[in-house]
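Undergrad:
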Amino acid sequence: MSTTTEQGAAFRAEVRAWLARAPWPYGLRNYGGTPEASDVPAGRQWQRTLADAGYACLHWPVEHGGRGASVLEQAIFAEEVARAGVPRQLNIVGPDLAGPVIMRFGTEAQHQKYLPGILRGDHLWCQLFSEPEAGSDLASLRTRAGHDGDGWTVDGQKVWTSAAGAADYGLLVARTGKERYQGITAFIVDMSLPGITVRPLRQLDGESKFNEVFFEGVRLPGEAVLGEVGQGWQVATATLGQERLSLGAQAVGMFEALREVAEAARERNLLGDVLADTITSLWMRIWLLRATWLRAISADTELSSPAFSVLKLVSSEVHRDLGDLATAALGADAMVDADDSPLVHRMLVGRAQTILGGTSEIQRNILAERVLGLPREPTR
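Everything in the sequence shown is counted per this note's numbering, starting at 12 for the first residue and increasing by one.
1) Across the region 222-231 and the region 96-114, are there enough close Cβ pairs to call them in contact, namely three or more that are closer than 8 Å?
2) Under 8 Å Cβ to Cβ from V229, same chain only, skipping five residues before and after it: list those, please.
3) Could you tell me how far apart the beta carbons of S327 and L300 are, in whole angstroms, since I believe they sit closer than 8 Å?
4) In angstroms, rounded to a whole number, what distance separates the CA positions of R210 and G176?
5) Closest to A48 by C-alpha separation, out of Y192, Y66, R23, C137, would be which residue?
6) Reducing DSSP to helix, strand and coil, say where L237 ends up.
7) Would the beta-carbon of V82 fall within 8 Å of that of L182?
8) Over what stretch of residues does the alpha helix (DSSP H) that includes K323 continue unbroken?
9) Touching or not, the region 273-287 and the region 231-242, by the rule of three or more beta carbon pairs under 8 Å?
10) Just to confirm, is the Cβ distance from L101 to F88 under 8 Å?
11) Determine the direct distance from the alpha carbon of Y180 to that of R55, and round the result to whole angstroms.
12) If P46 and A174 are in contact, beta carbons under 8 Å, what's the gap, nearest whole angstrom?
13) Can you give the Cα-Cα distance for T291 and E267, rounded to whole angstroms?
14) What are the uninterrupted segments assigned as beta strand (DSSP E) that are 3 or more residues long and contained completely in the region 62-147, given in chain order?
15) Of the choices G342, P106, L212, whose alpha-carbon is the least far from that of W71?
16) Count the CB pairs spanning the region 17-26 and the region 183-191 that are closer than 8 Å, and state whether there are at least three.
17) How is the alpha helix (DSSP H) around Q193 delimited, first residue to last?
18) Run through the region 156-192 for me and flag every whole beta strand (DSSP E) of 3 or more residues, listed as ranges in chain order.
19) For A339, tell me which candidate among T365, D288, T118 has the shortest Cα-Cα distance.
20) Under the assumption that L293 contacts V329 (Cβ atoms under 8 Å), give the Cβ distance between them as a whole number of angstroms.
21) Taking just the CA atoms, how far does F198 sit from A235?
22) Nearest CA to the CA of R186: which residue from T172, S151, G162?
23) How is T289 classed by DSSP in three states: helix, strand or coil?
24) Are A62 and R153 closer than 8 Å when you measure CB to CB?
25) Report the CB separation of L333 from A275 in whole angstroms; it is logged as a contact under 8 Å.
26) Look at the alpha carbon of A64 and the alpha carbon of A307, and state the distance between them as a whole number of angstroms.
27) Terminal residues of the continuous beta strand (DSSP E) containing V229?
28) Counting C-beta neighbours from all protein chains within 10 Å, is the total for M346 16 or more, i.e. buried, or is it exposed?
29) Let me check one thing: in DSSP terms, what residues is V200 bridge-paired to?
30) On the DSSP letters alone, give me the boundaries of the beta strand (DSSP E) that T208 sits inside.
31) Give me, in chain order, the residues of the same chain whose beta-carbon lies closer than 6 Å to that of F22; leave out the 5 immediate sequence neighbours on both sides.
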């Protein structure tokens with residue numbers, strides 16, 4: 012057994028033993044990367060429990076309260092919490108996105124002000140990037156930030172903002188100049204400021220994890236700028252490169268969902284040859300997802316690598332097909348309320364997975380251009 016394999020096995024045993032004895036807050040559920048408002052109290056308490064045990068923000072440097080963990084250790088932890096049925100952390104945006112870019116682009120004062128609150132779960136963050144006219148093409152954003160004395164005034168709209176209703180801070184990109192890329196600046200926004208309105212978007216499954224956010228004359232101080240003025244595109248691309256770590260660990264939950272689908276079909280006498288073949292095919296695809304993830308992390312691939320778009324693409328489409336499979340397994344029962352069946356919930360949200368966090372079409376473009384070296388498609 013190699014040293015890396017031995018270390019990985021030892022770390023997995025350590026994490027699994029801790030999860031078996033860790034105190035779980037009342038009401039904690041595996042809500043994924045984004046809590047609903049009702050999940051936040053238990054999520055905050057869980058983040059503090061992780062921090063006290065040294066498992067919060069594993070990938071952060073030791074000097075900022077992390078563990079300086081390798082990609083392999085991060086992946087093992089993600090897989091074990093998925094297996095245990097608890098969240099990896101309070102939410103994705105603070106520990107995985109905002110924290111690392113604040114370390115990279117922020118001032119020392121920003122480090123001291125924001126990082127401890129992210130580490131311990133005192134502050135929930137949201138990502139204010141997408142707009143009604145700027146989803147996949149973020150560089151076409153229209154939210155504007157104009158100079159106002161020694162600060163800035165922001166006007167515009169964001170959409171599909173996860174956890175905005177409960178967030179304490181947001182990572183905002185806004186247009187500060189005419190240039191397509193150099194005219195964008197990143198800001199740290201206190202979500203309690205006057206002029207910010209959050210409107211929840213109710214989903215088919217009854218949850219409201221996404222929101223519209225409106226800015227009307229929101230006044231930001233000069234120290235709200237993250238990085239340099241005009242450096243927002245670099246901040247945005249660095250942020251978006253951090254989102255792929257836990258994708259392979261989702262295979263644990265997918266296997267459990269597949270078992271539930273097969274059992275539901277069997278109970279309804281719907282498990283015929285065609286459905287059994289579909290289940291078998293999906294089972295193999297989930298194993299391929301896990302193998303691809305393990306291969307990527309064993310090579311210690313940087314999390315910002317476009318190769319991780321493979322994981323996003325495969326996991327999204329497996330989620331989608333699991334939802335379709337749930338429909339077939341439930342038969343007429345697919346029309347019942349989502350609260351009555353996790354499989355109905357899976358059916359309703361499955362297709363959204365190929366859109367949120369980067370559409371499957373965009374992932375294919377990334378792989379074609381940045382991995383295979385194919386020419387870009389013509390643009391207008």
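Glycine residues also receive a C-beta, built at the ideal position from the N, C-alpha and C atoms. Computed from a predicted structure; not experimentally measured.
TA: Here's the rundown:
1) Cβ pair count under 8 Å is below three, so no.
2) Same-chain partners within the cutoff: T164, V165, D166, V200, L204, P205, G206, I207.
3) The pair is not a contact, with the Cβ atoms about 10 Å apart (cut-off 8 Å).
4) One alpha carbon belongs to R210, the other to G176, and they sit about 8 Å apart.
5) Taking only the C-alpha atoms, the option nearest A48 is C137.
6) Under the three-state reduction of DSSP output, L237 falls in the strand class.
7) Taking a C-beta distance under 8 Å as the contact criterion, V82 and L182 do not qualify as a contact pair.
8) Where K323 is concerned, the enclosing alpha helix (DSSP H) stretches over 319-341.
9) They do not touch, by the three-pair rule.
10) Cβ distance not < 8 Å, so L101 and F88 don't count as in contact.
11) A straight-line Cα-Cα distance of about 15 Å links R55 and Y180.
12) A174 and P46 do touch by the CB rule: their CB atoms are close to 6 Å apart, below 8 Å.
13) When rounded, the separation of the alpha-carbon atoms in T291 and E267 is 14 Å.
14) Segments of the beta strand (DSSP E) lying fully in the region 62-147: 136-139.
15) Relative to the Cα of W71, the nearest Cα in the group G342, P106, L212 belongs to P106.
16) Under the Cβ criterion (8 Å, minimum of three pairs), the region 17-26 does not count as touching the region 183-191.
17) In the DSSP annotation of this structure, Q193 is not part of any alpha helix (DSSP H), being labelled neither H nor E.
18) Counting whole runs of 3 or more residues, the region 156-192 contains the beta strand (DSSP E) stretches 162-169, 180-186.
19) Selected option, being the one with the closest Cα: D288.
20) Confirmed, about 7 Å.
21) Rounded to the nearest angstrom, the gap between the Cα atoms of A235 and F198 is 5 Å.
22) For R186, the closest alpha carbon among the candidates T172, S151, G162 is that of S151.
23) In the structure shown, T289 sits in a helix (DSSP, three-state: H, G or I).
24) R153 sits away from A62, with the two beta carbons spaced by 8 Å or more.
25) With 8 Å as the limit, L333 and A275 do not qualify as a contact, their Cβ atoms being about 12 Å apart.
26) Distance between the alpha carbons of A64 and A307: 28 Å.
27) Start and end: 221-231.
28) Here M346 is exposed, its C-beta having fewer than 16 other C-beta atoms within 10 Å.
29) Paired residues: G181.
30) Start and end: 207-212.
31) Only residues of its own chain outside the window of five on either side were considered, and among them E84, I87 have a CB closer than 6 Å to the CB of F22, listed in chain order.
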